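Asker:
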Amino acid sequence: MAGAILTVKNLNVAFDGEEVIKDLTFEVQERETLIILGPNGAGKTTLLRTLIGLNPYSGEIFWNTRRINYLPPQELVQRKGLLPLSVGEFFGFKKVSSEKVSNIFLDVGLDPSLLRRRFGAVSTGQFQRMLIAWALVDQPKVLLFDEPTSGIDIGGQETIYSLLHRFWRDWDLTILLVTHDLNVVWEHASNVLCLNKKSVCYGEPREVITPKTLEEIYGTGIKFYEHKHK
Amino acid sequence: MAVIIALFLGGAAGYLGTLMLSQRMALVAGPLGHLTLPGIALALIFHFDVSLGAFPFVILGVFFIWLFEMNTKLPMEALTAVVFATGVAITFLFLPEEKTVPALIGDISQINFPATLGSVILSGGVFLVTKRIYPEMALAGISEDLAKAQRINVKRNHFLYLLCIALIVALGVRIVGGLLTAALMAIPACTARNLSVNLVQYSYRGFFFGSLSCILGMVVFQFTNLPIGPLIVIASAILFLISLFFRR
Chain A
179 MAGAILTVKN LNVAFDGEEV IKDLTFEVQE RETLIILGPN GAGKTTLLRT LIGLNPYSGE
239 IFWNTRRINY LPPQELVQRK GLLPLSVGEF FGFKKVSSEK VSNIFLDVGL DPSLLRRRFG
299 AVSTGQFQRM LIAWALVDQP KVLLFDEPTS GIDIGGQETI YSLLHRFWRD WDLTILLVTH
359 DLNVVWEHAS NVLCLNKKSV CYGEPREVIT PKTLEEIYGT GIKFYEHKHK
Chain B
434 MAVIIALFLG GAAGYLGTLM LSQRMALVAG PLGHLTLPGI ALALIFHFDV SLGAFPFVIL
494 GVFFIWLFEM NTKLPMEALT AVVFATGVAI TFLFLPEEKT VPALIGDISQ INFPATLGSV
554 ILSGGVFLVT KRIYPEMALA GISEDLAKAQ RINVKRNHFL YLLCIALIVA LGVRIVGGLL
614 TAALMAIPAC TARNLSVNLV QYSYRGFFFG SLSCILGMVV FQFTNLPIGP LIVIASAILF
674 LISLFFRR
């Protein structure tokens, strides 16, 4: 029976005296997909980084596993002006067998011959799949993704989310994901955490995503249409 | 003994230099060499080993650069300019004129057995430490968050890396002086960069070209008796120019 894999109580994060996250409490169960939604500056990236110990905080964060991998937004991963590094050598930083690397490449829909290519000398879509492969190759239990489709076109975005969904289903993963995209919330989220420095809503999307909560998150002027189709 | 130093010190410097390019610290290497000048000056005046004089000043200079960076948020390149210019100015207030040349471009006559042994051991240590932190620093260069998420101690590695630079600069002043130590690290790395398609090739070719530059400089010195520091740097620059024709 799945239990809580992450428990957060009264989390506060401040930088230079400015509160970025205030009194946040929530729990994530195993095999859950929690989507963190909010406007720019809401503290979504800060939350993910704090959960893996990259920021100082007050309050409690308890993980029931150490097998956690994190991917920052793609635009924060350097692709140019680097050492002459091959994709294979990038995966070598993980200290896993070459067989595992080849297998994960096939799983994410990439040709293993890409391992010989220069790191960064791949398309944006391939680069994001490669980062996802990197996050998965050592078989974590939890994945933290910060805007995994930034810089990718709409078709590519759907592919990335379908890929993540497949791994979530087949590998019994727990996923925490930051996005601006409400479609992703409806299609993939077990629960949604709406953030604007503090928790605005938390729960199942159908229950908590209402025009009122969206207005509270994003401010006035939000129109909300639910498109029903087969 | 000079050849032994060339192999170890030149190689370690070139290997470390390959990491400097990725950390965008190639421009910092020159000023760090200049920071050694007050220490070299003191060593020449009071007749002790120039490396012993150089090392504490490099460390002091790195400390001040770090301190100013923490408090001013100015870029490191600007702060390095402030610190090294001040160091050079202070040096020329008390350095005797006849000691200027050995201070700036080195003096191979200073090399004796204890200096050689010390250089070999410390260069070997720098190589091993750099090898240990190399993959972690390469990953941090791609994304510091990715590295920290892998539980890599980025601050500790950065400190070890700066310490290695300080050691190589302090050791290098014996043969190339305070003016040219940067070239020991930066030029072989640039040569290796032109000829490499992956990290393993790049790092070990940096070692190779670092050693080769020093050996070629010493060979020419034997026949010409010109100052060895500039000869090493010119040899390194020629190798870099040749590498442009074989760029990969």
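Protein sequences appear in the order of chains A and B.
Residue numbers for the first sequence follow the numbering used here, beginning at 179 and rising by one.
Residue numbers for the second sequence follow the numbering used here, beginning at 434 and rising by one.
Glycine included, each C-beta is placed from N, C-alpha and C at the ideal position.
Everything numeric in this text was worked out from a predicted model, so none of it was measured.
(1) Using Cβ-Cβ distances below 7 Å, what residues of the region 556–577 of chain B are close to chain A?
(2) If we define contact as Cβ-Cβ less than 8 Å, is B:ASN631 a contact residue for chain A?
(3) Considering only residues of the same chain and omitting the five flanking positions on each side of B:ALA514, which have a CB-CB separation below 7 Å?
(4) In whole angstroms, what separates the C-alpha of B:MET618 from that of B:TYR448?
(5) Residues bridged to A:LYS376 by DSSP?
(6) Any beta carbon from chain B within less than 8 Å of A:VAL255's own beta carbon?
(7) With 16 as the cutoff for other CB atoms within 10 Å, does B:MET503 come out buried or exposed?
(8) Label A:ARG344 either buried or exposed according to how many other C-beta atoms from any shown protein chain fall within 10 Å of its C-beta, with 16 as the threshold for buried.
(9) Taking Cβ to Cβ, would you say A:ILE395 is nearer than 8 Å to A:PRO217?
(10) I'd like to know whether the C-beta atoms of B:LEU649 and B:ALA668 end up nearer to each other than 8 Å.
(11) Decide if A:ASP194 is buried, meaning its Cβ has at least 16 other Cβ atoms within 10 Å, or exposed.
(12) Applying a beta-carbon distance threshold of less than 7 Å, which residues of chain A neighbour B:ARG626?
(13) Taking A:ASP324 as part of the beta strand (DSSP E), name the residues at either end of that continuous run.
(14) Enumerate in chain order the residues of its own chain whose CB-to-CB distance from A:VAL363 is below 8 Å, with the five nearest sequence positions on each side excluded.
(15) To the nearest angstrom, how far is it from the Cα of B:ALA599 to the Cα of B:THR657?
(16) Measure how close the beta-carbons of A:PRO262 and B:SER629 come, nearest whole angstrom, since I'm counting them as under 8 Å.
(17) Quick one: what's A:ILE246 bridged to in DSSP?
(18) For the ligand HEM, is there any heavy atom lying closer than 7 Å to the beta carbon of B:ALA571?
(19) Is B:LYS532 helix, strand or coil when you go by DSSP?
(20) Grouping DSSP H, G and I as helix and E and B as strand, with all else coil, what is A:PHE240?
(21) In angstroms, rounded to a whole number, what distance separates the CA positions of B:LEU579 and B:LEU572?
(22) To the nearest angstrom, how far is it from the Cα of B:SER636 to the Cα of B:VAL534?
(23) Roughly how many angstroms separate the alpha carbons of A:ASP285 and A:PHE269, rounded to a whole number?
(24) Any C-beta of chain A within less than 8 Å: which residues of the region 578–590 of chain B qualify?
(25) Chain A partners of B:TYR594, CB-CB under 9 Å?
(26) Measure the beta-carbon distance from B:PRO663 to B:ILE538 and round it to whole angstroms, keeping in mind my assumption that it falls under 8 Å.
(27) Does DSSP classify A:PHE271 as helix, strand or coil?
(28) Cβ of A:GLU325 less than 8 Å from any chain B Cβ?
(29) Comparing the C-beta of B:TYR687 with each C-beta of chain A, is any distance below 8 Å?
(30) Measuring only the C-alpha atoms, how far is A:MET179 from A:GLU208?
(31) Spatial neighbours of B:ALA670 within its chain, please: CB distance less than 7 Å, with the 5 preceding and 5 following residues excluded, ordered by chain position.
(32) Identify the contact partners of A:ARG227 in chain B, using a Cβ-Cβ distance below 8 Å as the criterion.
(33) Please list the terminal residues of the continuous alpha helix (DSSP H) segment that includes A:ALA220.
(34) Since A:ARG296 sits in a beta bridge, which residues does DSSP pair it with?
(35) Comparing C-alpha positions only, which one of B:ILE554, B:GLY520, B:VAL562 sits nearest to B:ILE437?
(36) Which same chain residues, not among the five before or five after A:PHE323, have their C-beta less than 6 Å away from its C-beta?
Answerer: In short:
(1) With the criterion set as a beta carbon lying under 7 Å from some beta carbon of chain A, the members of the region 556–577 of chain B are PRO568, ALA571, LEU572, GLY574, ILE575, SER576, in sequence order.
(2) On the second sequence, position 198 is the one that residue 631 of chain B refers to. True, the Cβ-Cβ gap to chain A drops below 8 Å.
(3) The residue given as residue 514 of chain B occupies position 81 in the second sequence. Within the same chain, PRO464 come within 7 Å of B:ALA514 by CB-CB distance, once the 5 residues on both sides are set aside.
(4) Residue mapping note: residue 618 of chain B aligns to position 185 of the second sequence, counting from 1. Residue mapping note: residue 448 of chain B aligns to position 15 of the second sequence, counting from 1. B:MET618 and B:TYR448 have their C-alpha atoms roughly 8 Å apart.
(5) Start at 1 with the first residue of the first sequence, and residue 376 of chain A comes out as number 198. Per DSSP, A:ASN374.
(6) Translated into positions along the first sequence, residue 255 of chain A becomes position 77. Yes, its Cβ sits closer than 8 Å to a Cβ of chain B.
(7) Residue mapping note: residue 503 of chain B aligns to position 70 of the second sequence, counting from 1. Exposed.
(8) Counting from 1 along the first sequence, the entry for residue 344 of chain A is found at position 166. Of the other Cβ atoms in all chains shown, fewer than 16 fall within 10 Å of the Cβ of A:ARG344; this residue is therefore exposed.
(9) Here residue 395 of chain A is taken as the residue at index 217 of the first sequence, counted from 1. Here residue 217 of chain A is taken as the residue at index 39 of the first sequence, counted from 1. Contact flag set, yes.
(10) Taking the second sequence and counting its residues from 1, the one referred to as residue 649 of chain B is at position 216. Taking the second sequence and counting its residues from 1, the one referred to as residue 668 of chain B is at position 235. Contact: yes.
(11) Position 16 of the first sequence holds residue 194 of chain A. Residue environment analysis places A:ASP194 among the exposed positions, since fewer than 16 neighbouring C-beta atoms fall within 10 angstroms of its C-beta.
(12) The residue you call residue 626 of chain B lines up with position 193 of the second sequence. Within chain A, the residues near B:ARG626 are PRO262.
(13) Sequence index remark: in the first sequence, residue 324 of chain A carries index 146 (1-based). Where A:ASP324 is concerned, the enclosing beta strand (DSSP E) stretches over 320–324.
(14) Position 185 of the first sequence, counting from 1, holds the residue named residue 363 of chain A. Hits under 8 Å: ILE213, LEU215, THR357, VAL370, PRO383, ILE387.
(15) In the second sequence, counting from the first residue as 1, residue 599 of chain B sits at position 166. In the second sequence, counting from the first residue as 1, residue 657 of chain B sits at position 224. Their backbone Cα atoms lie some 31 Å apart in a straight line.
(16) Your numbering for residue 262 of chain A matches position 84 in the first sequence. Your numbering for residue 629 of chain B matches position 196 in the second sequence. Indeed, because the Cβ distance is near 5 Å, the residues count as touching under 8 Å.
(17) As a first step, residue 246 of chain A must be located in the first sequence, where it is residue number 68. Per DSSP, A:VAL320.
(18) No copy of the ligand HEM appears in this structure; indeed no ligand is present at all.
(19) In the second sequence, counting from the first residue as 1, residue 532 of chain B sits at position 99. For B:LYS532, the three-state secondary structure derived from DSSP is helix.
(20) If you number the first sequence from 1, residue 240 of chain A lands on position 62. Residue state, collapsed to three classes: strand.
(21) To locate residue 579 of chain B, count along the second sequence from 1; it is residue 146. To locate residue 572 of chain B, count along the second sequence from 1; it is residue 139. So the two alpha carbons sit approximately 7 Å from each other.
(22) As a working mapping, residue 636 of chain B is identified with position 203 in the second sequence. As a working mapping, residue 534 of chain B is identified with position 101 in the second sequence. Cα to Cα, B:SER636 sits roughly 33 Å from B:VAL534.
(23) Residue numbering aside, residue 285 of chain A sits at position 107 when the first sequence is read from its first letter. Residue numbering aside, residue 269 of chain A sits at position 91 when the first sequence is read from its first letter. Whole-angstrom Cα-Cα distance: 15 Å.
(24) Those would be ASP578, LEU579, LYS581, ALA582, GLN583, in chain order.
(25) Against the second sequence, residue 594 of chain B aligns to sequence position 161. Near B:TYR594 there are no residues of chain A at all, since even the closest Cβ is about 14 Å away, more than 9 Å.
(26) As a position in the second sequence, residue 663 of chain B is number 230, starting the count at 1. As a position in the second sequence, residue 538 of chain B is number 105, starting the count at 1. With a Cβ gap of about 6 Å, B:PRO663 and B:ILE538 count as contacting.
(27) As a first step, residue 271 of chain A is located in the first sequence; it is residue number 93 there, counting from the start. Of the three classes helix, strand and coil, the one that applies to A:PHE271 here is coil, per DSSP.
(28) Within the first sequence, the letter at position 147 stands for residue 325 of chain A. Look at A:GLU325: its C-beta is not under 8 Å from any C-beta on chain B.
(29) Residue numbering for chain B in the displayed model covers 434 to 681; residue 687 of chain B lies beyond these limits and cannot be assessed.
(30) Residue numbering aside, residue 179 of chain A sits at position 1 when the first sequence is read from its first letter. Residue numbering aside, residue 208 of chain A sits at position 30 when the first sequence is read from its first letter. Residue placement at A:MET179 is flagged as unreliable, the pLDDT there being 43, under the threshold of 50; a coordinate-derived value is accordingly withheld.
(31) The residue labelled residue 670 of chain B in the question sits at position 237 within the second sequence. Closer than 7 Å at Cβ, skipping near neighbours: ILE620.
(32) One-based indexing of the first sequence puts residue 227 of chain A at position 49. Among the residues of chain B, those whose CB is under 8 Å from the CB of A:ARG227 are ASP578, following chain order.
(33) As a position in the first sequence, residue 220 of chain A is number 42, starting the count at 1. Run containing A:ALA220: none; DSSP gives neither H nor E here.
(34) What you label residue 296 of chain A is simply residue 118 of the first sequence in a count that begins at 1. According to the DSSP secondary-structure assignment, A:ARG296 is paired through a beta bridge with A:SER264.
(35) Position 4 of the second sequence, counted from the first residue, corresponds to residue 437 of chain B. Per the Cα distances, B:ILE554.
(36) Looking up residue 323 of chain A in the first sequence gives position 145. Excluding sequence neighbours, A:PHE323 sits near LEU249, LEU355.
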